[in-house]
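Heads up: the sequence shown begins at 1 in UniProt numbering, then just goes up one per residue.
Below is one structure, written out as structure tokens; comments come after it.
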Amino acid sequence: MTIENSLIKHADTIQYFGIREQLETKVFTSFVNLKMLELMGKRTDGESKWNNIKDLSLLSLQSLKASNIPINCLANLILSSGKQLTKICYYNYYNDVVSNKILIQAIYHNCPNLIYLELLYRNENILDLEKLLINCQYLKRIDFNIYYYKESLFHVSFYSYVKWDNLFNILAKSSPSSLFEFVFKYTDENPELESLKLFFDNWEGRFPISLKFKKERDYYYESGYDDLVDLIEIYKEKGVIKNFVHYHYDEDSDLLEIYKTKRVINNPESVIKNSEIKSTSIWNRFKKKFNKYPW
Numbered sequence: 001m002t003i004e005n006s007l008i009k010h011a012d013t014i015q016y017f018g019i020r021e022q023l024e025t026k027v028f029t030s031f032v033n034l035k036m037l038e039l040m041g042k043r044t045d046g047e048s049k050w051n052n053i054k055d056l057s058l059l060s061l062q063s064l065k066a067s068n069i070p071i072n073c074l075a076n077l078i079l080s081s082g083k084q085l086t087k088i089c090y091y092n093y094y095n096d097v098v099s100n101k102i103l104i105q106a107i108y109h110n111c112p113n114l115i116y117l118e119l120l121y122r123n124e125n126i127l128d129l130e131k132l133l134i135n136c137q138y139l140k141r142i143d144f145n146i147y148y149y150k151e152s153l154f155h156v157s158f159y160s161y162v163k164w165d166n167l168f169n170i171l172a173k174s175s176p177s178s179l180f181e182f183v184f185k186y187t188d189e190n191p192e193l194e195s196l197k198l199f200f201d202n203w204e205g206r207f208p209i210s211l212k213f214k215k216e217r218d219y220y221y222e223s224g225y226d227d228l229v230d231l232i233e234i235y236k237e238k239g240v241i242k243n244f245v246h247y248h249y250d251e252d253s254d255l256l257e258i259y260k261t262k263r264v265i266n267n268p269e270s271v272i273k274n275s276e277i278k279s280t281s282i283w284n285r286f287k288k289k290f291n292k293y294p295w
């Protein structure tokens, strides 16, 4: 019995399936209860290699993870199978602007129940991203893969420039009320403090935001961290920020917290002074709140 025949025989019990190579279409179509699909291609794969997923309809599919799958093939799969999708992760750092646009449009036209999304971010697709935010009203988290590659005649270049003001403006203006978690991956480029401050001001009154920045390199620059840490503390007190994390491998290993610990060790007097100021502020708010009651 071939692998394909064995899969078909047990097809109605299969809920997760991952593959690196194409299968016969009849194998995929037999997965009537499939909930999670992972497709792993190569950068050199052409559409002909993945044509078998173009007209595939998986009505129970909830999670789709794909890497280096030709965009037209993936977009068609989302078109026919996207209604129940709650999670989409896509990796291809060679996507051009047009390919990215095709993917984003396929998502916001066909995935009304999407909760989690990971995709490549390019500045040129900002308006498409806004439409996605407007149409996908159940989103809770978006992971942006920041860098992409651009090939020229002689070499491959690495790009990660982000127009943070534009991105933050769209996120604050158009995010659904359910969306509050953003992750920016593979970048050592930090937003300017003024950009962050404007973003936080525009976000005020919504659910507290969680921002995570995955740093590309295994070292990090502490220049400007003092001002950043102070800014974050201000907006945490205001209830605007829930989490603000810089990490390399592990989301729970916060480089900013490590820096704050080092700052305490190196300059304890400054920390004590700041704590006294903060304690005074809290006490004043406490008195103001209770003085209005006639005892």
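For every residue, glycine included, the Cβ atom is placed at its ideal position computed from N, Cα and C.
Check the DSSP bridge columns for residue i and list the partner residues they point to.
i: residue 89; result: 65, 118
i: residue 16; result: 36
i: residue 45; result: Bridge partners of residue 45: none, in fact.
Could you compute how far the alpha carbon of residue i sits from the alpha carbon of residue j?
i: residue 15; j: residue 138; result: 23 Å
i: residue 48; j: residue 83; result: 26 Å
i: residue 130; j: residue 173; result: 9 Å
i: residue 51; j: residue 71; result: 11 Å
i: residue 207; j: residue 214; result: 22 Å
i: residue 115; j: residue 18; result: 21 Å
i: residue 164; j: residue 120; result: 15 Å
i: residue 272; j: residue 256; result: Any reading at residue 272 must be qualified, since the residue scores a pLDDT of 48, below 50, and its modelled position is unreliable; the value itself is stated next. Rounded to the nearest angstrom, the two C-alpha atoms are 19 Å apart.
i: residue 262; j: residue 225; result: 12 Å
i: residue 265; j: residue 259; result: 10 Å
i: residue 146; j: residue 13; result: 38 Å
i: residue 80; j: residue 232; result: 43 Å
i: residue 11; j: residue 29; result: 9 Å
i: residue 20; j: residue 185; result: 24 Å
i: residue 104; j: residue 254; result: 31 Å
i: residue 60; j: residue 177; result: 26 Å
i: residue 31; j: residue 140; result: 28 Å
i: residue 195; j: residue 117; result: 24 Å
i: residue 212; j: residue 142; result: 11 Å
i: residue 236; j: residue 188; result: 23 Å
i: residue 128; j: residue 8; result: 39 Å
i: residue 218; j: residue 2; result: Legend: pLDDT at residue 218 = 49, less than 50; position of this residue unreliable, no value from coordinates given.
i: residue 197; j: residue 38; result: 39 Å
On a Cα-Cα basis, can you pick out the residue from the options that is closest to residue i?
i: residue 132; options: 170, 145, 165, 163; result: 170
i: residue 209; options: 93, 146, 238; result: 238
i: residue 33; options: 18, 40, 26, 58; result: 58
i: residue 296; options: 35, 190, 27, 21; result: No answer is possible for residue 296: it lies beyond the span of the chain, which begins at 1 and ends at 295.
i: residue 144; options: 202, 232, 90, 68; result: 90
i: residue 78; options: 13, 63, 92, 106; result: 106
i: residue 122; options: 30, 236, 162; result: 162
i: residue 193; options: 109, 186, 227, 183; result: 227
i: residue 96; options: 248, 43, 234; result: 43
i: residue 113; options: 100, 88, 211; result: 88
i: residue 36; options: 22, 9, 64; result: 64
i: residue 69; options: 22, 234, 111; result: 22
i: residue 182; options: 245, 202, 2; result: 245
i: residue 86; options: 111, 99, 98, 100; result: 111
i: residue 190; options: 202, 247, 134; result: 247
i: residue 134; options: 73, 100, 175, 62; result: 175
What is the C-beta distance between residue i and residue j, in whole angstroms, given that I count them as a contact (C-beta under 8 Å)?
i: residue 167; j: residue 126; result: 7 Å
i: residue 240; j: residue 204; result: 5 Å
i: residue 102; j: residue 75; result: 5 Å
i: residue 67; j: residue 41; result: 7 Å
i: residue 136; j: residue 93; result: In fact, because the Cβ distance is near 23 Å, the residues do not count as touching under 8 Å.
Mind checking if residue i is an interface residue toward chain B, Cβ cutoff 7 Å exclusive?
i: residue 193; result: No chain B appears in this structure, which consists of one protein chain only.
*Taking only runs of the beta strand (DSSP E) that begin and end inside the stretch 174–260, which ones reach a length of at least 3 residues, in chain order?*
For the beta strand (DSSP E) assignment, the uninterrupted runs of no fewer than 3 residues enclosed by the stretch 174–260 are, from N- to C-terminal side, 181–185, 209–214, 241–247.
*Which runs of the beta strand (DSSP E), 3 residues or longer, sit entirely within the stretch 98–146?*
Fully contained in the stretch 98–146 are the following beta strand (DSSP E) runs of length 3 or more, in chain order: 116–120, 141–145.
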